[in-house]
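Single-structure report; data block below.
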Amino acid sequence: MPVQLKFALGDIWRKKLYFISFFIQIMLIILLITECFSLIYKKQEAFYHLSKAFDTSNAFYISMVEKEEFVGGEHEENIMKDLYTYIDKNDKYISFANIENYIEIKDIPKNSLSVEVEQGPSKILANKTLSVSPNFINVFDLSLSQGEFFDASWEYVSDKNIPVVLGYSYAKYMDIDDVFTDVDNQKYKVVGFLQDGQTFVDVSFGEGVIGLNDVILTPIDVTTFYNLFVDGNYAYETYLENSTIILKNRNDIKELRDIAKHSKTYNYNFNSVEGVSGYMEKSTQESVGVFLFLLILIIIFASTLVIINTLEFIRKNMREFSIHIFGGATKKHIALRIFLQIFIVWLLSFIISLIISNQNFIVLGVSVVILLLCLGACLPSFITLFKLQISDILRRKE
Amino acid sequence: MIELKGISKVYNKSKPNEVKALQNINLKIEAESMLAIMGPSGSGKSTLLNILGCLDVPTAGIYKLNNQEIQSLSQGKLAAVRNRHFGFVVQDFALIEEYTVMKNVEIPLHYSKNKANKKERILTLLDTLGMKEKASEYAYNLSGGQRQRVAIARALINNPDIILADEPTGALDQEMGEQVLSIFKRINKEQNKTVLIVTHDDKIAKQCEGIVNIVDGKIY
Ligand SMILES: Nc1ncnc2c1ncn2[C@@H]1O[C@H](COP(=O)(O)OP(=O)(O)O)[C@@H](O)[C@H]1O
Ligand SMILES: [Mg+2]
Chain Z
1 MPVQLKFALG
11 DIWRKKLYFI
21 SFFIQIMLII
31 LLITECFSLI
41 YKKQEAFYHL
51 SKAFDTSNAF
61 YISMVEKEEF
71 VGGEHEENIM
81 KDLYTYIDKN
91 DKYISFANIE
101 NYIEIKDIPK
111 NSLSVEVEQG
121 PSKILANKTL
131 SVSPNFINVF
141 DLSLSQGEFF
151 DASWEYVSDK
161 NIPVVLGYSY
171 AKYMDIDDVF
181 TDVDNQKYKV
191 VGFLQDGQTF
201 VDVSFGEGVI
211 GLNDVILTPI
221 DVTTFYNLFV
231 DGNYAYETYL
241 ENSTIILKNR
251 NDIKELRDIA
261 KHSKTYNYNF
271 NSVEGVSGYM
281 EKSTQESVGV
291 FLFLLILIII
301 FASTLVIINT
311 LEFIRKNMRE
321 FSIHIFGGAT
331 KKHIALRIFL
341 QIFIVWLLSF
351 IISLIISNQN
361 FIVLGVSVVI
371 LLLCLGACLP
381 SFITLFKLQI
391 SDILRRKE
Chain E
1 MIELKGISKV
11 YNKSKPNEVK
21 ALQNINLKIE
31 AESMLAIMGP
41 SGSGKSTLLN
51 ILGCLDVPTA
61 GIYKLNNQEI
71 QSLSQGKLAA
81 VRNRHFGFVV
91 QDFALIEEYT
101 VMKNVEIPLH
111 YSKNKANKKE
121 RILTLLDTLG
131 MKEKASEYAY
141 NLSGGQRQRV
151 AIARALINNP
161 DIILADEPTG
171 ALDQEMGEQV
181 LSIFKRINKE
191 QNKTVLIVTH
201 DDKIAKQCEG
211 IVNIVDGKIY
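So the sequences go chain by chain: Z and E. Our numbering numbers the first residue of the first sequence as 1 and each following residue consecutively. Our numbering numbers the first residue of the second sequence as 1 and each following residue consecutively.
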């Protein structure tokens, strides 16, 4: 083993506490910066995902704003039905809906996939569901690991099982054809499992890419007009409020507006999804700004740390170095020894960060930059070391 | 053999705190001699020793070691000369407190080409200095006299030709001081090493073969 490496290891061992704290600091810095980058990366991935799924400039979502005077009734239901039917039957439009919900499952053992949900004053353990129309599956190109998707022409019948496709994580707990019941005695039957890592982009709430591993997918049936809560599982209104409509031709939105303008209760706003991604972009820029600010703070902190640490190390060990210089060492030897100490600590932090974080490439990039930074931060101490006259070092002990 | 011709050393040249530590020093030191260097505090004794030992370079003049000019060698070459030809002993012993006796003596060997049977060589040397049984003791557990003997062992381990001792007895009591001096005499007589001792003590100086007197950076 090279002599200076041995000395460097000896130094680290002798000043364990100091080096452990240094190690933890470097590791935290690497992990923090990695986390910053991976957040930025995730947002970018959302845009990419979205623009790959469909043309965002031709996609709209509907928001319904109540007019002052609420009328409701059959007239309004008819407008919603017309709107829904027009979109659904006309191939100028592709629409899909995703409706988030929770169900409290009765007869399967509570598992780690259930989450705490507030229900009034109390909390319940419930499982996340996402009701989706068949187009949702096509648009986001979801794939199954087992079974099949529910039928596009599925119709809700209150005393029959609702077919469900379960996220990948459920495969540990359930099998195809398993049946479970929620607290309202609604029965569900497992027809398929998604592949690992399936995702979609939440358009109307601008939350970015959402994983489906822990989600139960259920079908939507909005086919009936009368007694909708008996004959379908979602109302037209719910569907419309949660749907995304993709147009073949941008002008086709006019026909939808024409249907909607007869409403006495609501103002139907057709919002471009582009606006939403614009919002996402803006929020990303803002968070990048905050991250950059944090990054600069962290980097200043880290460099100061290294500068102070190495200068302090040289000051404290001046005597020891001079003893080595008596014995035939040069200042280069000493500089190598200081470098090796920093390098060993860096290497350890790098390896541990790799193990802890799953963003290997980002960790690698960040670590290399941190190493360069550490070396830059060592410069003042190297300059101090090389400017020092040996006779100066000897005089200090007097 | 050492030969100095017109050696000067100026610290902080052309600055307000300029110090002319050595002025036009001419000195010949024969191999295998034992000399004392004397003079008041601040007269330049340590500076002279540092230049002789290649720890520092002169501002002007020629320094010949065994007929080779070495005043303008690179740092790396000077370190090699230091390692091969010189052993240093200083007043405060300059031991690394957290090292054992063994590891302290070993230091010059790390920078030497001759690393063969380190351990035996160190133990044999420590034995001649009566320190063998302390080999695995930590430096902070030793008395002053013991420390200086460890420092002498370290100065000798690479088998240098010249021992430079800067007030080696300054931190020791009378009896210890005499023991250390007798070690230097033995080294000079039995191992034929050149020994240069900076000292304030007349009794020590009298036991040397000659005395170099320095006042205000000049030899008298
Ligand atoms: N590295 C240095 N920088 C500036 N002045 C120094 C340095 N080393 C020694 N001196 C000065 O040079 C003079 C001679 O010092 P030194 O050789 O240590 O004397 P001595 O060993 O005889 O007491 C003193 O005035 C001292 O202050
Ligand atoms: Mg002195």
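We put the beta carbon where it would ideally sit given N, CA and C, even for glycine. Here the structure is a predicted model, which is why all the values come from computation and not from measurement.
Test: A377(Z) CB closer than 7 Å to a CB of chain E:
As a position in the first sequence, residue 377(Z) is number 377, starting the count at 1. Chain E contact via Cβ: absent.
Cβ of H200(E) within 7 Å of any chain A Cβ
Among the protein chains of the structure shown, namely Z and E, there is no chain A.
By DSSP, does V190(Z) sit in helix, in strand, or in coil?
As a first step, residue 190(Z) is located in the first sequence; it is residue number 190 there, counting from the start. Strand, per DSSP.
Quick check: does the Cβ of S46(E) come within less than 6 Å of any heavy atom belonging to ligand 2?
Residue mapping note: residue 46(E) aligns to position 46 of the second sequence, counting from 1. Yes, the beta carbon of S46(E) sits closer than 6 Å to at least one heavy atom of ligand 2.
Coarse secondary structure for L228(Z), derived from DSSP in three states
Residue numbering aside, residue 228(Z) sits at position 228 when the first sequence is read from its first letter. Residue placement at L228(Z) cannot be trusted, given a pLDDT of 47 that sits under 50; what the coordinates show is reported in the next sentence. Three-state DSSP puts L228(Z) in a helix.
Listed in chain order, which residues of the stretch 320–353 of chain Z have Cβ atoms closer than 9 Å to some Cβ of chain E?
E320, S322, I323, H324, I325, F326, G327, G328, A329, T330, K331, K332 and H333
Top-ranked residue by Cα proximity to L348(Z), from K6(Z), L28(Z) and L388(Z)
For the purposes of this step, residue 348(Z) is identified with residue 348 of the first sequence, where counting begins at 1. Closest option to L348(Z), Cα to Cα, is L28(Z).
Y220(E) Cβ short of 6 Å to ligand 1 heavy atom set
Working through the second sequence from its first residue, we reach residue 220(E) at position 220. Every heavy atom of ligand 1 is 6 Å or more from the Cβ of Y220(E), so no.
With distances taken from CA atoms, which of K9(E), D202(E) and M34(E) is nearest N55(E)?
Residue numbering aside, residue 55(E) sits at position 55 when the second sequence is read from its first letter. The sequence shown places Leu at residue 55(E), not Asn. Nearest option by C-alpha distance: K9(E).
Tell me, which residues are paired with P219(Z) by DSSP?
Along the first sequence, one-based indexing puts residue 219(Z) at 219. Bridge partners of P219(Z): V132(Z).
Go to Q119(Z), then tell me how far its beta strand (DSSP E) extends in each direction, as first and last residue.
Here residue 119(Z) is taken as the residue at index 119 of the first sequence, counted from 1. First-last of the beta strand (DSSP E) with Q119(Z): V115 to Q119.
For P219(Z), the nearest candidate out of F150(Z), Y239(Z) and N267(Z) (CA to CA):
Taking the first residue of the first sequence as 1, we reach residue 219(Z) at position 219. Closest option to P219(Z), Cα to Cα, is F150(Z).
Spell out the partners DSSP gives S41(E) in its beta bridges.
Against the second sequence, residue 41(E) aligns to sequence position 41. DSSP, once it has assigned bridges, lists no residue as partnering S41(E).
N- and C-terminal bounds of the beta strand (DSSP E) containing A377(Z)
The residue you call residue 377(Z) lines up with position 377 of the first sequence. Unbroken run through A377(Z) is the alpha helix (DSSP H), N360 to K387; no beta strand (DSSP E).
With a 10 Å radius around its C-beta and 16 neighbouring C-beta atoms as the bar for buried, classify S243(Z) as buried or exposed.
Looking up residue 243(Z) in the first sequence gives position 243. So S243(Z) counts as buried.
For G275(Z), which of S153(Z), A59(Z) and I296(Z) has the nearest alpha-carbon?
For the purposes of this step, residue 275(Z) is taken as the residue at position 275 of the first sequence. That would be A59(Z), whose Cα lies nearest to the Cα of G275(Z).
The alpha helix (DSSP H) spanning Y61(Z) covers which residue range?
In the first sequence, counting from the first residue as 1, residue 61(Z) sits at position 61. Per DSSP, Y61(Z) belongs to no alpha helix (DSSP H); it is in the beta strand (DSSP E), A59 to E66.
Using the three-state DSSP reduction, which class does D127(E) fall into: helix, strand or coil?
Taking the first residue of the second sequence as 1, we reach residue 127(E) at position 127. Helix.
Looking at I105(Z): is its Cβ nearer than 7 Å to the Cβ of F180(Z)?
Numbered from 1 along the first sequence, position 105 holds the residue referred to as residue 105(Z). Numbered from 1 along the first sequence, position 180 holds the residue referred to as residue 180(Z). Result yes, Cβ atoms of I105(Z) and F180(Z) sit closer than 7 Å.
P2(Z) lies in the beta strand (DSSP E); which residues open and close that run?
As a position in the first sequence, residue 2(Z) is number 2, starting the count at 1. Counting along the chain, P2(Z) falls outside any beta strand (DSSP E), and DSSP gives it neither H nor E.
Taking the alpha-carbon positions, what's the I370(Z) to E106(E) distance?
Counted from its first residue, the first sequence places residue 370(Z) at position 370. Counted from its first residue, the second sequence places residue 106(E) at position 106. Answer to the nearest angstrom: the Cα atoms are 36 Å apart.
According to DSSP, is M1(E) helix, strand or coil?
Residue mapping note: residue 1(E) aligns to position 1 of the second sequence, counting from 1. Coil.
Excluding the 5 residues flanking K397(Z) on each side, which residues of the same chain have their C-beta closer than 6 Å to its C-beta?
As a first step, residue 397(Z) must be located in the first sequence, where it is residue number 397. Its pLDDT being 47, under 50, K397(Z) is placed unreliably in this model, and the value from its coordinates should be taken loosely. Closer than 6 Å at the Cβ level, and outside the excluded window around K397(Z), lie R319.
Give a yes or no on whether the minimum CB-CB distance between R14(Z) and chain E is below 7 Å.
For the purposes of this step, residue 14(Z) is taken as the residue at position 14 of the first sequence. Cβ-Cβ to chain E under 7 Å: yes for R14(Z).
Cα-Cα separation between I187(E) and L336(Z), rounded to whole angstroms
Numbered from its first residue, the second sequence carries residue 187(E) at position 187. Numbered from its first residue, the first sequence carries residue 336(Z) at position 336. Approximately 35 Å between the Cα atoms of the pair.
Do V191(Z) and P163(Z) have their C-beta atoms closer together than 7 Å?
Here residue 191(Z) is taken as the residue at index 191 of the first sequence, counted from 1. Here residue 163(Z) is taken as the residue at index 163 of the first sequence, counted from 1. Yes, the pair counts as a contact, with Cβ atoms nearer than the cut-off.
Roughly how many angstroms lie between the CA atoms of S112(E) and E45(Z), to the nearest whole one?
Working through the second sequence from its first residue, we reach residue 112(E) at position 112. Working through the first sequence from its first residue, we reach residue 45(Z) at position 45. Going from the Cα of S112(E) to the Cα of E45(Z) covers about 59 Å.
Does the beta-carbon of R82(E) have 16 or more other beta-carbons within 10 angstroms, so that it is buried, or is it exposed?
Position 82 of the second sequence, counting from 1, holds the residue named residue 82(E). The residue is buried, with at least 16 neighbouring Cβ atoms inside 10 Å.
Interface partners of S112(E) on chain Z, CB under 9 Å:
By one-based count along the second sequence, residue 112(E) stands at place 112. What S112(E) touches in chain Z: G327 and G328.
Where does the unbroken alpha helix (DSSP H) through D258(Z) begin, and where does it stop?
As a position in the first sequence, residue 258(Z) is number 258, starting the count at 1. Counting along the chain, the alpha helix (DSSP H) containing D258(Z) begins and ends at I253 to A260.
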